[in-house]
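Undergrad: Residue numbers (numbering that gives the first Met the number 0), protein chains in the order written: chain A, 0 to 221; chain B, 0 to 221. Think of the CB as a built atom: it goes at the ideal place given N, C-alpha and C, for glycine as much as any other residue. Keep in mind it's a predicted model, so treat the numbers as computed, not measured. My questions all concern the structure below.
Protein chains: 2
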Amino acid sequence: MEHVLLVEDEPRLRSIVRDYFSAHGLECDLARDGEEALDLMRDHDYDAILLDILMPHLDGFGVCRAVRENSAVPILFLTALGGEEDMLRGYALGCDDYVTKPFSLAVLLAKTQALIRRSRGTGEAGLLSWGAIGLNTRSRLCRAGGREVKLSPREYDLLLCLMRNRGQVLTREQLLDKVWGLDFEGDDRAVDTRIRSLRAALGDAGKQIKTVFKTGYRLEEV
Amino acid sequence: MEHVLLVEDEPRLRSIVRDYFSAHGLECDLARDGEEALDLMRDHDYDAILLDILMPHLDGFGVCRAVRENSAVPILFLTALGGEEDMLRGYALGCDDYVTKPFSLAVLLAKTQALIRRSRGTGEAGLLSWGAIGLNTRSRLCRAGGREVKLSPREYDLLLCLMRNRGQVLTREQLLDKVWGLDFEGDDRAVDTRIRSLRAALGDAGKQIKTVFKTGYRLEEV
DNA sequence: TCCTATTGTCACAACTCGGACACAACCGCC
DNA sequence: GGCGGTTGTGTCCGAGTTGTGACAATAGGA
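Laid out in structure tokens, this is it:
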């Protein structure tokens, strides 16, 4: 299930949004202020952050800046400040969308879902492409260098994970958690072996998978 | 240069947006209606589509549906229809954002750029830069003087530490603690050797690393 | 039930990295 | 200017990391 974080100091609004979201299949953690939000983010991997701006202790802009130091998680501002200046400031800090209060819950949900969809690299169509590699998340088919490529289940999941996090280094541990599951009991090197067969299956496009010595693997565009 | 397609039947608005965008580094193709848009998209790979809804021949919703058959390109609706119904319909069809007329050009630009950034998956998150040196903490890639630089793990960690403490002197002991770890059993001079290879790897930008006699090293802007 | 594809493990080969060392160059103090 | 101490430089080799081929266990379909 998708998992988002709502940072908002008004208790009533917090619970309204959470109830609405969970009724539509989005789990929703809550934080009262910026510092609480940063604490939660240290321990969880959220699919999106909904961020009020006017908050005690650390305001939304500050949280956004701190988050963007090392994370590309989708951020949506959610605020009474509707001025152009404020919106531009938000975008300059690397936010993804901006909703002014009062807002429609349905629209907020739609925007959040669109953002999550987009951050995973696919439009509604479920098509993911990067360099010479294309994935269809509906049919689980893969194309590389213009021709169809047959992938085993594990190879597909691994490639999907790399595609969703394209450009960034994923450690073997991260890959084991996300692809094999948290309960996998085996060796790190299982990743290496799967990477090897994936590279072979992709042919020339396999070169897009780079090894980062002592760290992990990264999918590059070329 | 980024390349977007604007689909809009009002001539004046078309050219206003195009001029503003190209002044800010976005090339902007124009289409008068949905059919012209689909024709153009057959021949071009756009980074984003800005789509009016009320148009002759084929309206924006129709274009969106047709595009999503086989493409995940970011789509932003741009319309006078500000009702909740219409927005939700847009999101259901797989659009990424929705702007109601009249709108601010600056905000439209910011939204478009945020979308492109997001769809490339390579946002500005995790970017550190100082003088001619840029470091991306998500990809662990380094740029110096405009070109890609290959760094070994230790070189990368060392540079990251210098960047995070730019402008201030770090003693060898501090560097050993922060980069090598508190349990390192070796010689101070290991730092010198790594600094040397780092300078060499950075080329001209290596001159930003200054030696502070009898003390340590400091990263300067020039 | 058998057959095949899949996948983790292991052992070994190939490779990268980085600290140590020795020596040269340099700095600053007297 | 000389001297002691500090830093830069070139090289080497072992330790650790990743690639590779083979194999056995397992799961899933016919």
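Run through the DSSP bridge pairs and tell me what E147 (chain A) is partnered with.
TA: Within the first sequence, residue 147 (chain A) is the residue found at index 148, counting from 1. A:R142.
Undergrad: Expressed to the nearest angstrom, what Euclidean distance is found between the alpha-carbon atoms of D184 (chain A) and K100 (chain B)?
TA: As a working mapping, residue 184 (chain A) is identified with position 185 in the first sequence. As a working mapping, residue 100 (chain B) is identified with position 101 in the second sequence. Sequence inspection shows Glu at residue 184 (chain A); the Asp mentioned does not correspond to that position. Straight-line Cα distance between these residues: approximately 56 Å.
Undergrad: Using a Cβ-Cβ distance cut-off of 9 Å, determine whether C94 (chain B) contacts chain A.
TA: As a first step, residue 94 (chain B) must be located in the second sequence, where it is residue number 95. C94 (chain B) counts as touching chain A.
Undergrad: If you follow the beta strand (DSSP E) that Y97 (chain A) is in, where does it begin and where does it stop?
TA: Taking the first sequence and counting its residues from 1, one reaches residue 97 (chain A) at position 98. Where Y97 (chain A) is concerned, the enclosing beta strand (DSSP E) stretches over D96 to T99.
Undergrad: Please go through the same chain and pick out, in chain order, the residues whose beta-carbon is closer than 8 Å to the beta-carbon of R207 (chain A), but skip the five residues on each side of it.
TA: To locate residue 207 (chain A), count along the first sequence from 1; it is residue 208. According to the sequence provided, residue 207 (chain A) is Gln. The question's Arg does not apply to it. Hits under 8 Å: W129, G130, A131, I132, L201, L218, E219, E220 and V221.
Undergrad: Chain B partners of S103 (chain A), CB-CB under 9 Å?
TA: As a position in the first sequence, residue 103 (chain A) is number 104, starting the count at 1. Under the 9 Å cutoff, chain B gives E83, M86 and L87.
Undergrad: In three-state DSSP terms, what is E84 (chain A)?
TA: Position 85 of the first sequence, counted from the first residue, corresponds to residue 84 (chain A). The answer is helix: DSSP assigns E84 (chain A) an H, G or I state.
Undergrad: Three-state secondary structure (DSSP) at S103 (chain B)?
TA: Locating residue 103 (chain B) in the second sequence gives position 104, counting from the first residue. In the structure shown, S103 (chain B) sits in coil (DSSP, three-state: anything other than H, G, I, E or B).
Undergrad: Do A71 (chain A) and S118 (chain A) have their CB atoms nearer than 9 Å?
TA: Within the first sequence, numbered from 1, the residue matching residue 71 (chain A) stands at position 72. Within the first sequence, numbered from 1, the residue matching residue 118 (chain A) stands at position 119. Taking 9 Å as the Cβ cut-off, A71 (chain A) and S118 (chain A) qualify as a contacting pair.
Undergrad: What's the gap between the Cα of Y155 (chain A) and the Cα of E147 (chain A)?
TA: Here the question's residue 155 (chain A) lines up with position 156 in the first sequence. Here the question's residue 147 (chain A) lines up with position 148 in the first sequence. Each residue's Cα considered, the two are about 13 Å apart.
Undergrad: Can you find the residues in the same chain that come closer than 6 Å, C-beta to C-beta, to G125 (chain B), ignoring five residues on each side of it along the sequence?
TA: Along the second sequence, read from residue 1 onward, the residue named residue 125 (chain B) stands at position 126. For G125 (chain B), where only same-chain residues beyond five positions count, the Cβ hits under 6 Å are N135, T136 and R137.
Undergrad: Rounding to the nearest angstrom, what Cα-Cα distance links V98 (chain B) and D44 (chain B) in this structure?
TA: Working through the second sequence from its first residue, we reach residue 98 (chain B) at position 99. Working through the second sequence from its first residue, we reach residue 44 (chain B) at position 45. Roughly 23 Å between the two C-alpha positions.
Undergrad: Taking only beta-carbon positions, decide if E68 (chain B) is within less than 9 Å of chain A.
TA: Along the second sequence, one-based indexing puts residue 68 (chain B) at 69. By this cut-off, E68 (chain B) is an interface position.
Undergrad: Since F20 (chain A) and V3 (chain A) should fall inside the 8 Å C-beta cutoff, what is the C-beta to C-beta distance between them, to a whole number of angstroms?
TA: Along the first sequence, one-based indexing puts residue 20 (chain A) at 21. Along the first sequence, one-based indexing puts residue 3 (chain A) at 4. Right, their Cβ atoms sit about 7 Å apart.
Undergrad: Are the beta-carbon atoms of M54 (chain B) and E26 (chain B) separated by less than 9 Å?
TA: In the second sequence, residue 54 (chain B) corresponds to position 55, counting from 1. In the second sequence, residue 26 (chain B) corresponds to position 27, counting from 1. In this structure, E26 (chain B) does not lie closer than 9 Å to M54 (chain B) by Cβ.
Undergrad: Is the separation between the beta-carbon of L87 (chain B) and that of A47 (chain A) shorter than 9 Å?
TA: As a working note, residue 87 (chain B) is residue 88 in the second sequence. As a working note, residue 47 (chain A) is residue 48 in the first sequence. No, these two residues do not count as a Cβ contact at 9 Å.
Undergrad: Would you tell me roughly how many angstroms separate the C-alpha atoms of V178 (chain B) and G122 (chain B), rounded to the nearest one?
TA: As a working mapping, residue 178 (chain B) is identified with position 179 in the second sequence. As a working mapping, residue 122 (chain B) is identified with position 123 in the second sequence. V178 (chain B) and G122 (chain B): Cα-Cα distance of roughly 27 Å.
Undergrad: Looking at chain A, is there any beta carbon in it that lies within less than 9 Å of the beta carbon of A297 (chain B)?
TA: In the structure as shown, chain B begins at 0 and stops at 221. Residue 297 (chain B) is therefore absent and cannot be evaluated.
Undergrad: Could you tell me which chain B residues have their CB closer than 8 Å to the CB of A131 (chain A), listed as they occur along the chain?
TA: In the first sequence, counting from the first residue as 1, residue 131 (chain A) sits at position 132. By Cβ distance, chain B contributes nothing, its closest Cβ being about 14 Å from A131 (chain A), past 8 Å.
Undergrad: Please look up how many angstroms separate the CB atoms of L150 (chain A) and L158 (chain A), rounded, as I've assumed it's under 8 Å.
TA: The residue labelled residue 150 (chain A) in the question sits at position 151 within the first sequence. The residue labelled residue 158 (chain A) in the question sits at position 159 within the first sequence. L150 (chain A) to L158 (chain A), Cβ: 7 Å. Contact.
Undergrad: Given that a residue counts as buried once 16 or more other Cβ atoms are within 10 Å of its Cβ, and exposed if not, what is L75 (chain A)?
TA: Locating residue 75 (chain A) in the first sequence gives position 76, where the first residue counts as 1. Under this definition L75 (chain A) is a buried residue.
Undergrad: Are L77 (chain B) and L50 (chain B) close, meaning C-beta to C-beta below 9 Å?
TA: Mapped onto the second sequence, residue 77 (chain B) falls at position 78. Mapped onto the second sequence, residue 50 (chain B) falls at position 51. The answer is yes: Cβ separation under 9 Å.
Undergrad: What residues of chain B sit near Q207 (chain A), judged by a beta carbon separation below 7 Å?
TA: Here residue 207 (chain A) is taken as the residue at index 208 of the first sequence, counted from 1. What Q207 (chain A) touches in chain B: nothing, since even the nearest Cβ is about 13 Å away.
Undergrad: Mind checking whether V222 (chain B) and A91 (chain B) have CB atoms under 9 Å apart?
TA: Since the first residue of chain B shown is 0 and the last is 221, residue 222 (chain B) is not available in this structure.
Undergrad: DSSP on Y90 (chain B), reduced to helix/strand/coil?
TA: Position 91 of the second sequence, counted from the first residue, corresponds to residue 90 (chain B). Residue state, collapsed to three classes: helix.
Undergrad: Out of curiosity, what's the CA-to-CA distance linking G205 (chain B) and R198 (chain B)?
TA: Sequence index remark: in the second sequence, residue 205 (chain B) carries index 206 (1-based). Sequence index remark: in the second sequence, residue 198 (chain B) carries index 199 (1-based). Approximately 4 Å between the Cα atoms of the pair.
Undergrad: For the putative contact between D203 (chain A) and G144 (chain A), defined by C-beta atoms under 8 Å, what is the C-beta separation to the nearest angstrom?
TA: In the first sequence, the residue the question calls residue 203 (chain A) occupies position 204. In the first sequence, the residue the question calls residue 144 (chain A) occupies position 145. About 5 Å; that satisfies the 8 Å criterion.
Undergrad: Note down, one range per segment and in chain order, each beta strand (DSSP E) of at least 3 residues found wholly within the stretch 152-221 of chain A.
TA: 208-211 and 215-218
Undergrad: Three-state secondary structure (DSSP) at L126 (chain B)?
TA: Working through the second sequence from its first residue, we reach residue 126 (chain B) at position 127. L126 (chain B) falls in the strand class under three-state DSSP.
Undergrad: Helix, strand or coil for V52 (chain B), going by three-state DSSP, please let me know.
TA: Counted from its first residue, the second sequence places residue 52 (chain B) at position 53. Note that residue 52 (chain B) is Ile in the sequence shown here, rather than Val. Reduced to three states, the DSSP call for I52 (chain B) is coil.
Undergrad: I'd like the list of long-range same chain contacts for D96 (chain A), defined as Cβ closer than 7 Å, with 5 residues on each side in sequence excluded.
TA: Mapped onto the first sequence, residue 96 (chain A) falls at position 97. Excluding residues within five positions, the ones whose Cβ falls inside 7 Å are L75, K110 and L114.
Undergrad: For A22 (chain B), go through chain A and note every residue whose CB falls closer than 8 Å to its CB, in chain order.
TA: For the purposes of this step, residue 22 (chain B) is taken as residue 23 along the second sequence, with counting starting at 1. What A22 (chain B) touches in chain A: nothing, since even the nearest Cβ is about 16 Å away.
Undergrad: Give the residues of chain A in contact with T136 (chain B), contact being defined as C-beta atoms less than 7 Å apart.
TA: Translated into positions along the second sequence, residue 136 (chain B) becomes position 137. What T136 (chain B) touches in chain A: N69.
Undergrad: Spell out the partners DSSP gives T121 (chain A) in its beta bridges.
TA: Here residue 121 (chain A) refers to the residue found at position 122 when the first sequence is read from its first residue. Per DSSP, none; premise fails for T121 (chain A).
Undergrad: Please return the same chain residues whose Cβ sits closer than 6 Å to the Cβ of C141 (chain B), not counting the five positions on each side in sequence.
TA: Your numbering for residue 141 (chain B) matches position 142 in the second sequence. Excluding positions up to five away in sequence, the list reads L134, V148 and L150.
Undergrad: Closer than 9 Å, CB to CB, is R171 (chain A) near chain B or not?
TA: Locating residue 171 (chain A) in the first sequence gives position 172, counting from the first residue. Closer than 9 Å: no.
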